[in-house]
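Reviewing the structure listed below.
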Amino acid sequence: MTGHGQIITVFAPKGGCGKTTFATNLAVALHAAAHRVCLVDLDLAYGDIATTLSLRPRGTLSVGDTVWVTMPLAAYRPGLDCVPAPARPGDAERMPATLVRDLLILLSTRYDYIVVDTPPRLSAHVLTALDLSTHRVLLTTPERPALTHLRVTLDMLDLLSIRQHTRAIVVNRADAETGLTAADIDAILRNPIAAYLPSTWELAASINRGVPLTESSPKHPFSTAVRRFADTRIRGEEVSENVS
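Heads up: the sequence shown begins at 10 in this note's numbering, then just goes up one per residue.
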């Protein structure tokens, strides 16, 4: 049984959709609303959240850890911490899913929100996180392969009896010229879209600086879209249309 904290797992079945960027900006948006937040890098083989946030963690999650005794946390800001991916990629295959379960349960007793970044595959670790989650955020881009992969994932979640009202589909780079209309996207996914995020070159610059765009430019359209999603879908607040 988890604690009071809400677990938010961010998943994209196709790489390159901007999942890690969205997860870090979502964590920053929740933290800005005066919540204690922990960002967990569950891409155990190739996770780069520590690099994205310019963190130099003293330790990382590793095989044999007992999270009830010690937990590798790296502080980004007071009240916003990160659990980095293992320093040795080989640890990923040997890390039991029970360790992930214990970690998330413990974090849910210490934080208001736990944002979990994941690899683009439904591994045992990811399925464990999805099972424990309060919210399942599914990221895609307006390209047919990404949308088709997400459609298959939605069918899989149905088979796993993961309730639809706990899922939220987010379309990243929604304004990209891909030749697909909103109607095309709806026809492929057959599920409502929770949020559309705009494209911007400034995201790459923010990653290189190690400061999420939601923090460095809170009024940027991308930041506004992430914050609106955090407020309405995660925190459950009503937001007026003129929020900036």
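For each residue, glycine too, the CB sits at the ideal point set by N, CA and C.
Note that the region 179-193 does not touch the region 220-229; fewer than 3 beta-carbon pairs, one per stretch, sit closer than 8 Å. In the three-state reduction of the DSSP assignment, residue 197 falls in the helix class, which pools H, G and I.
Annotated three-state conformation of residue 163 is helix, per DSSP. The continuous beta strand (DSSP E) containing residue 149 extends over residues 144-149. Assigned with DSSP and collapsed to three states, residue 48 falls in strand. The three-state reading of DSSP puts residue 90 in strand, counting E and B together. By the C-beta criterion, the region 107-121 is judged not to be in contact with the region 151-170, since fewer than 3 inter-stretch pairs fall below 8 Å.
CA-CA distance, residue 112 to residue 144, rounds to 17 Å. Using a 10 angstroms sphere on the CB of residue 104, the tally of other CB atoms reaches 16 or more, which defines it as buried. Within 10 angstroms of the beta-carbon of residue 228 lie fewer than 16 other beta-carbons, which makes it exposed. Excluding the 5 residues flanking it on each side, residue 106 has same chain C-beta neighbours closer than 7 Å at 133, 134 and 137, in chain order. Taken through DSSP and simplified to helix, strand or coil, residue 244 comes out as coil. For residue 106, the enclosing alpha helix (DSSP H) covers residues 106-116. Under DSSP, residue 176 forms a beta bridge with 145.
Judged by DSSP secondary structure, residue 203 falls outside any alpha helix (DSSP H) and instead within the beta strand (DSSP E) spanning 202-205.
Proximity of the region 225-244 to the region 20-27 falls short of the contact definition, fewer than three beta-carbon pairs being nearer than 8 Å. A buried status is given to residue 50, since no fewer than 16 other beta-carbon atoms sit within 10 Å of its beta-carbon.
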